[in-house]
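Line by line, the protein sequences are chains B and E. Be aware that the first sequence starts at 1052, since it is given in my numbering, and climbs by one per residue. Be aware that the second sequence starts at 419, since it is given in my numbering, and climbs by one per residue. Comments concern the structure below.
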Amino acid sequence: MTDAVSLTNERNQMFRDLFSGKTPKRVPVSNPATQDFAIQYAGLDLVESQWDLTKLEPVYDKFCQDFKTDTYPGGSIRIPSHYQLLGSTPIIMSSSGFMQHPEVVGLLAEEYDQFIASPYDCIIETILPRLYTEFNGQPGKVAMALAKAMRAHSDDMAYLGTIRAKMNAKYGFATMGAALTEAPFDFMADFLRSFKGISGDVRRYPDKVSAACEAVLPLMVKKGTLPNPSMLGYTFIPLHMAPYLRDKDFAALYWPTFKKLIETLAEMGQTVQLFVENDWMRYLDYLYELPENTIMRFEYGDPKLVKEKLGNKHIISGFYPITLLQTGTKQQCVDKAKELLDILAPGGRYWWQADKSIINLEANGPVVENLKAVLEYVYENGVY
Amino acid sequence: MLGGEETMDSKYYLTWEEYLTEHPELEGKSTQAIASKIQKYEDAMFTFIMDLLL
Chain B
1052 MTDAVSLTNE RNQMFRDLFS GKTPKRVPVS NPATQDFAIQ YAGLDLVESQ WDLTKLEPVY
1112 DKFCQDFKTD TYPGGSIRIP SHYQLLGSTP IIMSSSGFMQ HPEVVGLLAE EYDQFIASPY
1172 DCIIETILPR LYTEFNGQPG KVAMALAKAM RAHSDDMAYL GTIRAKMNAK YGFATMGAAL
1232 TEAPFDFMAD FLRSFKGISG DVRRYPDKVS AACEAVLPLM VKKGTLPNPS MLGYTFIPLH
1292 MAPYLRDKDF AALYWPTFKK LIETLAEMGQ TVQLFVENDW MRYLDYLYEL PENTIMRFEY
1352 GDPKLVKEKL GNKHIISGFY PITLLQTGTK QQCVDKAKEL LDILAPGGRY WWQADKSIIN
1412 LEANGPVVEN LKAVLEYVYE NGVY
Chain E
419 MLGGEETMDS KYYLTWEEYL TEHPELEGKS TQAIASKIQK YEDAMFTFIM DLLL
């Protein structure tokens, strides 16, 4: 057995232990920097490298070699080619090469009933033509645009998958599959009604919002289901809107279908990782109710309170402030990692991840050295 | 096949059973092999479409 295979086996076992509530050999570590960061770190042009993916293999090789991590770093679902081919308005590339998500409205308030009657039909017939210009026009042209976009996406994902497999084989990363879905309320807000739109709907049409969340729940379950659900792997669910809701609106409109989604995935044997965006401290009692060993990566909040209230049932992650990597000294960055290890690691159920992903890299800034130091520290000192 | 499709109720997503009803010419052929392939692309299209809204 090669060293890399042996390392993969060891890391896979760490994550199996972590995801099943056992204390692993050490705290698993994931590099929070993204593909965008990796391209900049390699000194390449962001726009060109995202269109010409053949440039990315050496980018990832250097990235994987230089930063300690137990899982494959980077990755992206926002590859520009298929968005361009479909005339995307909700995901666009900025002049500097970062993929952006402007506020859009894919569903009008007066279309709620149409959506509730059949969400997927409404998506195909009404929402996509509003958000993607190439879904408009003659059926033949729409069919050709869709075929080209899907082929481009398939080619891009296959190519990135090949790079990932090579890096896993070379560096012995844990091999975990992942699916992506959203809480039904967040799905209604994100690309359909918009932040502003759903905020008004909660007051004007709460019954419609509730019915829409119920109607779209099966699609969210299906989207979040891996072909072969297993403990080693997870469904990633970024959570957006709850911190912006009143408690009573959260209880009535957000929580019921969100809870059903997580429970359904857990019943299928699927591990779930929540990215608990913003500050959810007033919802900790709700989070406790979710199925045991739900992974919760927190952005903001009180790690001690989270450990106390959730740490005996769920897997805690996040909290490490990536802004410190830009503003702090190396010692301050390492001290913060130690502080979080001391709070969150005892008893297991802790996965080191940062509070958010690192996208931008300032040339000659301190982030690279500080991030390397923090990853190294946790990797070496997170031993149980 | 992934979870959730039994309650999707859409003309743009067919389960294998629904597809077979619309394509009786496939009755009696190697339906197991055909079903897995047809369903694979039905699911691939679903995932692609939904990813456009995530």
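Even glycine gets a Cβ: it sits at the ideal position worked out from N, Cα and C. This one's a predicted model, so the numbers in the text were calculated from it and none came from an experiment.
Would a check of beta-carbon distances place I1410 (chain B) closer than 8 Å to chain E? Within the first sequence, the letter at position 359 stands for residue 1410 (chain B). Not an interface residue.
Classify R1400 (chain B) as helix, strand or coil using the three-state DSSP reduction. The residue labelled residue 1400 (chain B) in the question sits at position 349 within the first sequence. Of the three classes helix, strand and coil, the one that applies to R1400 (chain B) here is coil, per DSSP.
So, is P1280 (chain B) buried or exposed, given that buried needs 16 or more other C-beta atoms within 10 angstroms? If you number the first sequence from 1, residue 1280 (chain B) lands on position 229. By the 16-neighbour rule on beta-carbons within 10 angstroms, P1280 (chain B) is buried.
For Q1091 (chain B), I'd like the list of residues in its chain whose CB is within less than 6 Å of its CB, leaving aside the five on either flank, ordered along the chain. The count along the first sequence starts at 1 and reaches residue 1091 (chain B) at position 40. Correct list, in chain order: L1412.
Cut-off 8 Å between Cβ atoms - residues of its own chain near V1193 (chain B), not counting five sequence neighbours on either side: What you label residue 1193 (chain B) is simply residue 142 of the first sequence in a count that begins at 1. The answer, listed in chain order, is E1185, F1186 and N1187.
For the beta strand (DSSP E) containing T1276 (chain B), name the first residue and the last one. Numbered from its first residue, the first sequence carries residue 1276 (chain B) at position 225. In the DSSP assignment, T1276 (chain B) falls outside any beta strand (DSSP E) and carries neither an H nor an E.
Leaving aside the five residues before and after I1394 (chain B) along the sequence, list all residues of the same chain whose C-beta is less than 7 Å from its C-beta, in chain order. As a first step, residue 1394 (chain B) must be located in the first sequence, where it is residue number 343. Within the same chain, Cβ atoms closer than 7 Å to the Cβ of I1394 (chain B) are found at P1354, K1355 and K1358, the five residues on either side in sequence being excluded.
Span separating the alpha-carbon of L1290 (chain B) from that of L444 (chain E): Here the question's residue 1290 (chain B) lines up with position 239 in the first sequence. Here the question's residue 444 (chain E) lines up with position 26 in the second sequence. Cα to Cα, the separation comes out at about 44 Å.
Which runs of the alpha helix (DSSP H) at least 4 residues long sit entirely within the segment 1168 to 1235 of chain B? Give them in chain order. Entirely contained in the segment 1168 to 1235 of chain B, the alpha helix (DSSP H) runs reaching 4 residues are, in chain order, 1170 to 1173, 1179 to 1182 and 1190 to 1222.
Exposure of T1322 (chain B), with buried meaning 16 or more beta-carbon neighbours within 10 Å: Within the first sequence, numbered from 1, the residue matching residue 1322 (chain B) stands at position 271. Buried is the call here.
Please return the same chain residues whose Cβ sits closer than 8 Å to the Cβ of K1389 (chain B), not counting the five positions on each side in sequence. To locate residue 1389 (chain B), count along the first sequence from 1; it is residue 338. Spatial neighbours of K1389 (chain B) in its own chain (CB-CB distance under 8 Å, excluding positions within 5 residues in sequence) are listed in chain order as Y1428 and N1432.
If the criterion is Cβ atoms closer than 8 Å, does the pair F1326 (chain B) and F1287 (chain B) meet it? As a position in the first sequence, residue 1326 (chain B) is number 275, starting the count at 1. As a position in the first sequence, residue 1287 (chain B) is number 236, starting the count at 1. Contact flag set, yes.
If you draw a straight line from the alpha carbon of R1181 (chain B) to that of G1157 (chain B), how long is it in whole angstroms? For this step, residue 1181 (chain B) is matched to residue 130 along the first sequence. For this step, residue 1157 (chain B) is matched to residue 106 along the first sequence. About 6 Å.
Quick check: what's the CA-CA separation for Y1295 (chain B) versus P1269 (chain B)? Reading the first sequence from its first residue, position 244 is the one you call residue 1295 (chain B). Reading the first sequence from its first residue, position 218 is the one you call residue 1269 (chain B). A straight-line Cα-Cα distance of about 25 Å links Y1295 (chain B) and P1269 (chain B).
In the structure shown, what three-state DSSP assignment does F1118 (chain B) receive? Residue 1118 (chain B) sits at position 67 when you count from the first residue of the first sequence. Residue state, collapsed to three classes: coil.
Own chain, CB closer than 7 Å to D1103 (chain B), minus 5 neighbours either side, in chain order: The residue you call residue 1103 (chain B) lines up with position 52 of the first sequence. If we look at D1103 (chain B) and ignore the five residues flanking it on each side, it has no Cβ neighbours.
Kindly indicate which three-state DSSP category L470 (chain E) falls into: helix, strand or coil? Within the second sequence, residue 470 (chain E) is the residue found at index 52, counting from 1. L470 (chain E) falls in the coil class under three-state DSSP.
Are H1133 (chain B) and A1203 (chain B) closer than 8 Å when you measure CB to CB? Against the first sequence, residue 1133 (chain B) aligns to sequence position 82. Against the first sequence, residue 1203 (chain B) aligns to sequence position 152. Yes, they are a contact pair.
To the nearest angstrom, how far is the alpha carbon of I1367 (chain B) from that of W1402 (chain B)? Within the first sequence, residue 1367 (chain B) is the residue found at index 316, counting from 1. Within the first sequence, residue 1402 (chain B) is the residue found at index 351, counting from 1. So the two alpha carbons sit approximately 6 Å from each other.
Beta-carbon separation of I1410 (chain B) and F1088 (chain B) under 8 Å? For this step, residue 1410 (chain B) is matched to residue 359 along the first sequence. For this step, residue 1088 (chain B) is matched to residue 37 along the first sequence. It is a contact, given that the beta carbons lie within the stated cut-off.
Is G1125 (chain B) near T1177 (chain B), with beta carbons less than 8 Å apart? Start at 1 with the first residue of the first sequence, and residue 1125 (chain B) comes out as number 74. Start at 1 with the first residue of the first sequence, and residue 1177 (chain B) comes out as number 126. In terms of Cβ geometry, G1125 (chain B) and T1177 (chain B) do not form a close pair [threshold 8 Å].
Taking its Cβ as the centre, do 16 or more other Cβ atoms sit within 10 Å of E460 (chain E), making it buried, or is it exposed? By one-based count along the second sequence, residue 460 (chain E) stands at place 42. Result: buried.
Taking Cβ positions, are G1362 (chain B) and R1333 (chain B) nearer each other than 8 Å? By 1-based counting over the first sequence, the position of residue 1362 (chain B) is 311. By 1-based counting over the first sequence, the position of residue 1333 (chain B) is 282. In terms of Cβ geometry, G1362 (chain B) and R1333 (chain B) do not form a close pair [threshold 8 Å].
In whole angstroms, what is the alpha-carbon distance linking I1174 (chain B) and Y437 (chain E)? Taking the first sequence and counting its residues from 1, one reaches residue 1174 (chain B) at position 123. Taking the second sequence and counting its residues from 1, one reaches residue 437 (chain E) at position 19. It is roughly 21 Å from the alpha-carbon of I1174 (chain B) to the alpha-carbon of Y437 (chain E).
Which stretch, first to last residue, makes up the alpha helix (DSSP H) that contains T1059 (chain B)? Locating residue 1059 (chain B) in the first sequence gives position 8, counting from the first residue. Looking at the DSSP string, the run of the alpha helix (DSSP H) that includes T1059 (chain B) is D1054 to F1070.
What did DSSP end up calling R1333 (chain B) once you bin it into helix, strand or coil? One-based indexing of the first sequence puts residue 1333 (chain B) at position 282. Secondary structure at R1333 (chain B): helix, using DSSP grouped into helix, strand and coil.
Proximal residues to D1241 (chain B) (C-beta, below 7 Å), its chain only, five neighbours per side dropped: Taking the first residue of the first sequence as position 1, residue 1241 (chain B) is located at position 190. Once the five neighbours on either side are set aside, the close Cβ partners of D1241 (chain B) are E1233 and H1291.
May I ask which residues mark the beginning and end of the alpha helix (DSSP H) holding L1315 (chain B)? Here residue 1315 (chain B) refers to the residue found at position 264 when the first sequence is read from its first residue. One detail in the question is off: residue 1315 (chain B) reads as Thr in this sequence, not Leu. Following the DSSP letters along the chain, one finds T1315 (chain B) inside the alpha helix (DSSP H) bounded by residues W1306 to E1318.
From E1420 (chain B) to G1228 (chain B), what distance separates their C-alpha atoms? Position 369 of the first sequence, counting from 1, holds the residue named residue 1420 (chain B). Position 177 of the first sequence, counting from 1, holds the residue named residue 1228 (chain B). Looking at the backbone, the Cα of E1420 (chain B) and that of G1228 (chain B) are separated by about 30 Å.
Using a Cβ-Cβ cut-off of 8 Å, state whether L470 (chain E) counts as contacting chain B. Position 52 of the second sequence, counting from 1, holds the residue named residue 470 (chain E). Yes, its Cβ sits closer than 8 Å to a Cβ of chain B.
Can you check whether the CB of I1373 (chain B) is closer than 8 Å to the CB of P1079 (chain B)? Translated into positions along the first sequence, residue 1079 (chain B) becomes position 28. Translated into positions along the first sequence, residue 1373 (chain B) becomes position 322. Taking 8 Å as the Cβ cut-off, P1079 (chain B) and I1373 (chain B) do not qualify as a contacting pair.
Answer with yes or no whether the minimum CB distance from S428 (chain E) to chain B is below 8 Å. Indexing the second sequence from 1 puts residue 428 (chain E) at position 10. S428 (chain E) counts as touching chain B.
With a 10 Å radius around its C-beta and 16 neighbouring C-beta atoms as the bar for buried, classify S448 (chain E) as buried or exposed. Translated into the one-based positions of the second sequence, residue 448 (chain E) becomes position 30. The residue is exposed, with fewer than 16 neighbouring Cβ atoms inside 10 Å.
Taking the CB atoms as reference points, tell me whether A1266 (chain B) and P1170 (chain B) lie closer together than 8 Å. The residue given as residue 1266 (chain B) occupies position 215 in the first sequence. The residue given as residue 1170 (chain B) occupies position 119 in the first sequence. It is a contact, given that the beta carbons lie within the stated cut-off.
Counting only the same chain and skipping the five closest in sequence on each side, list residues whose C-beta sits under 7 Å from that of Y430 (chain E). What you label residue 430 (chain E) is simply residue 12 of the second sequence in a count that begins at 1. Same-chain partners within the cutoff: there are none.
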